[in-house]
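Heads up: the structure comes next, in structure tokens.
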Amino acid sequence: MDLEKLKERVLTLVPEAELEENNQFLTFFIPAMKLHQTAINLKEDEDTAFDYLFCQSGTDMGKYLMVVYHLESTKFHHSLVFKVKTEDRQNPVFDTVCDIWRTAEFHEREIFDLLGIRFNNHPDLRRIFLDENWVGYPLRKDYQDEVNIVEL
Amino acid sequence: MKEVIHTPVPSVEEEEYHINMGPQHPSTHGVLRLVVTLQGEIVKKLKPHCGYIHRGMEKMCEKDTYPQIIHLTDRMDYLSAHINNHAVCLLVENALQIEVPERVKYIRTIMDELCRIQSHQLWWASFGMDLGGLTCFFYGLRDREKILDIWEESTGARFLQSYYTPGGLMWDIHPNFQKRTKEFLKYFRKKIKDYERILSGNVIFRERSRKIGLMTKEEAISYGVTGPSGRGSGFSCDVRKHHPYGLYDKVDFKEILYQQGDTLARYMVRMDEMYESMHIIDQLIDNIPQGDYSAKMKAVIKLPAGEYYQRVETARGDLGLYCISDGNKTPYRLKFRTPSFSNLSILDHISRDLKIADLVAIGGSLDLVIPDIDR
Amino acid sequence: MASNIYDNFVYSLTQWIHNGLYHMLPPVWALVVELTIIGLVFLIFYALVGLFLVYAERKVCAFMQNRIGPNRVGPYGIFQTIADFIKLLMKELVTIKNSDKLLFNLAPFIVIIASFMAIAAIPFAKGLHAIDFDIGILYVIAVSSLGVVGVLLAGWSSNNKYSLIGAMRSGAQIISYELSVGMSLLTIIILAGTMQFSELVAGQEYGWYIFKGHIPAFIAFVVFLIASTAETNRGPFDLAEAESELTAGFHTEYSGIKFAFFFLAEYMNMFIVASIAATVFLGGWMPFHVWGWTGFNQVMDYIPPSIWYIGKTGFVIFLMMLFKWTFPRLRIDQLLTLEWKYLLPINLFNILLMAFIVLMGWHF
């Protein structure tokens, strides 16, 4: 499916999406409330059929925390990126998508471990790389650690 | 405010007990801890504990320049070191719209395929050893030494070479490179028949791997299992075919797919991939054009602001580099989407109701490299 | 008639010692000294053969894996095992906190005693064996079954989940395969008509049983090889001590001399099983004779019977080592399936076939 048709289809499925221009893939910002519904729509719709979540990453953009989802369709071979953001740094929460794409289970644990973003309805949300009693979230830009990080 | 996160204790039914495999264990291939809940010999549940070799690569990358990141990616999946380096170089070259010389593309593709062969040789050696055929270990490693010798001559190191740089290569290949590679191909074509006789044709091996660890195509897609593990279930995910880079759109090779989804299928995919890699090298080795070994690059590399995603096919699967740049010489955020991380997530699901011996076979067939999981 | 030069020599030596002792000491003491001498000879023989077998295994393994094996300690590395043995003697005996101390210490001894008792009945040349029971084969099978008790005790008393799993697997395996071992030997007993070892060997004077009994004897030989490899926890059936799965199975917690006992007993069990195979199927110390070729037979007689015996046993041991280093391991349920669903019916059918052939006189 070519890019224009895909853009229209996504905007029909998810009217609240905001397009971000000039990116390698077709990129949309989605409001956090609509995350789960959007994910289900994108996977189950026959014209888009995004069944392969090939990357889920979290970033601390300074003002807000963002989670980026890279999707691909194994049937039509088109790709899509959608992002959700929140400005709440104390208690950032999103909906989980691991009931839709099972690979999200480990990716969301990693995002929780390194950035502190929680996910609702995740079956087993706990730290994956760091110790259980580690304090802080290392990938955040305001993370301080005199012991483990050597500032040059 | 100190947060205490309680690790949930797995619930225990009658006659169930926990066993701890690792982090030091002969067959988990690295520091991975698996807490296995067993009922007699049957595996009921499996919880992997990662993080024993977590070095914080993504945080380190935020302070390193792009050529320095290449040295970090070497150590991520050390058996596909060249291919990881290739990913970083392609990321920079595509972002800056730089065209590398043809010679560089040829050499990079040949080195990548040699890397894939040696990774599969080591996988075969340790898979045979895990199943009890200890001789396989020696045969696999003996043949792998030939590739390491070729690399040592051209790049200076046997392992973790960091040979590619953004724009080209560190230095040119040794004049003996073509001759030695051709000799290796001739030698290995004979030896791989031995591999098939020892393991693939052996009835004990087939009984231990047929119908063990079944993974359907939908499960592979949903769990994101790529590489030979996914292709053993019929999931067509070869990045070299779908998003070609280097010279992969100009050479002729097949994408190996098997439909059964068991350990034997994943095994056969890797064996056939070794043949395909040799076929690719055959097509390229005689035609390396003369030319520069590197394009002209500025001393300081700065990517324009924006987001970039680069995918390559390592020996384990689909490696993705997601880079958010704000115009400086270090990336703002660099995320590595590593194949072993997603491959590990399916281990619990496919080992349910199988025995410990099968768990070892499945772990071997998924070909996990632990630094790839933990970064 | 066969090998009369050599058995005269053995007979005269033993008679000389016997007469000398009875001459010098009162009868009771002479008996005690005689028994002590026999015991010592066997102990030394046991230890030496064990050491040699460990070295041989390492060399054969290296040969198959395209490398050299031990070659530093002594010429061609022949003192390697002695060096290893001294090292094992000097290791600390680690005691485990919550283990059953009596059983933990008893287990290696049971294993060694079981294999030691079995070696008493095997004939190495004419007249050269400790005891010649008239139920020789039955005795050997019975006594070597005692080893399983030692294995189970070792696994249980180690207070370690891995050891327990290993011991359970091993116990099930040994008990299942004893059946096949016994029945394949039974096939040859039907052909020979006797269980006594010396009679068995004497009966092979004009042809080894594997040739005399043609088809059923050959099938019995193959089944015996498979079953005895499983019985001694070797080769593709070594999941009780599968290094890559359970670290070391039932002997994980043992160190020093106790571990040396388990290790030695495994190799000696292999030797015993190979000796039984050589004696029952391949003629023991009897040279290779063909009925009617007297000239050929006399040439064969020049080679001493002990050399024949060692050669045949060595051949079977080499086969067993070949199995171990070539094949991957079987899983426990595949192993038990092999025994109960395949080997047992084949054995039963084979016994019937052999009985029928003996009845009709269709053997050589």
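First to last, the protein sequences are chains A, B and C. One gets this note's numbering by counting positions in the first sequence from 1 and adding 19 to each. One gets this note's numbering by counting positions in the second sequence from 1 and adding 479 to each. One gets this note's numbering by counting positions in the third sequence from 1 and adding 31 to each. Even glycine gets a Cβ: it sits at the ideal position worked out from N, Cα and C. Predicted, not measured: the structure shown is a model, and the values here were computed from it.
Secondary structure note for A:VAL33: it is in no alpha helix (DSSP H), with a DSSP letter that is neither H nor E. Of all residues in the stretch 174-198 of chain C, those with a C-beta nearer than 9 Å to a C-beta of chain B are LYS192, TYR193, ILE196, reading in chain order. A distance of 7 Å or more separates the beta carbons of C:GLY197 and C:ALA145. Taking the Cα positions, B:ILE825 is about 15 Å away from B:PHE714. Contact between B:ASN564 and B:TYR642 holds: CB atoms are separated by about 7 Å, below the 8 Å threshold.
Here A:SER76 carries a strand assignment [DSSP, helix/strand/coil]. Within the stretch 221-248 of chain C, the alpha helix (DSSP H) runs of at least 4 residues that lie entirely inside it are, in chain order, 228-233, 240-243. Taken in chain order, the complete alpha helix (DSSP H) segments of 4 or more residues contained in the stretch 153-191 of chain C are 167-175, 178-188. A residue is called buried when at least 16 other Cβ atoms come within 10 angstroms of its Cβ; C:SER43 does not meet this threshold and is exposed. Taking the C-beta atoms as reference points, B:HIS722 is found no nearer than 7 Å to A:PHE148. The count of Cβ pairs closer than 8 Å, one atom from the stretch 236-254 of chain C and one from the stretch 312-328 of chain C, reaches three, so the stretches are in contact.
The stretch 45-62 of chain C makes no contact with the stretch 543-559 of chain B; the number of CB pairs closer than 8 Å stays below 3.
Look at the stretch 509-537 of chain B: the residues with a C-beta under 7 Å from a C-beta of chain C are GLU520. Rounded to the nearest whole angstrom, the CA to CA distance from C:LEU195 to B:PRO502 is 21 Å.
Burial state of B:GLU537 is buried, judged by a 10 Å Cβ sphere holding 16 or more other Cβ atoms. Secondary structure of C:GLN204 (DSSP, three-state): helix.
In the DSSP secondary-structure assignment, B:GLU786 is bridged to B:ILE803. Contacts between B:THR695 and chain C, judged by CB atoms closer than 8 Å, are missing: the closest CB pair is about 24 Å apart.
Burial state of B:GLN640 is buried, judged by a 10 Å Cβ sphere holding 16 or more other Cβ atoms. A distance below 8 Å between beta-carbons, with the five flanking residues on each side excluded, links B:PRO546 to the following residues of its chain, in chain order: THR644, PRO645, ILE780. Contact of C:PRO267 with chain B by beta-carbon distance below 8 Å involves GLY611, ILE683. Contact check between the stretch 292-310 of chain C and the stretch 339-359 of chain C: three or more CB pairs, one atom from each, fall below 8 Å, which counts as touching. CA-CA distance, B:MET694 to A:GLU124, rounds to 18 Å. Within the stretch 715-737 of chain B, those residues whose Cβ lies closer than 8 Å to any Cβ of chain A are, in chain order, SER715, CYS716, HIS721.
Between A:PHE69 and A:LEU99 the beta-carbon gap is near 6 Å, inside 8 Å, which marks them as a contact.
With a threshold of 7 Å between beta carbons, C:MET301 makes no contact with chain B. Scanning its chain for C-beta atoms nearer than 8 Å, with the 5 sequence neighbours on each side dropped, one finds around B:ILE849 the residues THR507, HIS508, GLY509, VAL510, LEU511, CYS529, TYR531, ILE532, SER819, in chain order. Going by DSSP, B:ILE532 is part of no beta strand (DSSP E) at all; its letter is neither H nor E. Taking B:VAL682 as the centre and dropping the five residues before and after it, the same chain places no C-beta closer than 6 Å to its C-beta.
Under the 10 Å beta carbon count, B:ASP717 is surrounded by 16 or more other beta carbons and is classified as buried. Contact residues of the stretch 27-42 of chain A toward chain B are ASN41, ASN42 (C-beta to C-beta distance below 8 Å). With a cutoff of 7 Å on beta-carbon distance, C:LEU222 and C:GLY244 are scored as near each other. Beta-bridge pairing by DSSP links A:ASP114 to A:ASN139.
By the criterion of a C-beta distance shorter than 6 Å, C:GLY234 is surrounded in its chain by ALA223, once the five residues flanking it on both sides are discounted. Excluding five sequence positions before and after C:ILE172, the CB atoms of its chain that fall closer than 6 Å to its own CB belong to GLY213, given in chain order. Under the criterion of beta carbons closer than 8 Å, B:SER804 and B:LEU782 qualify as touching, at roughly 4 Å.
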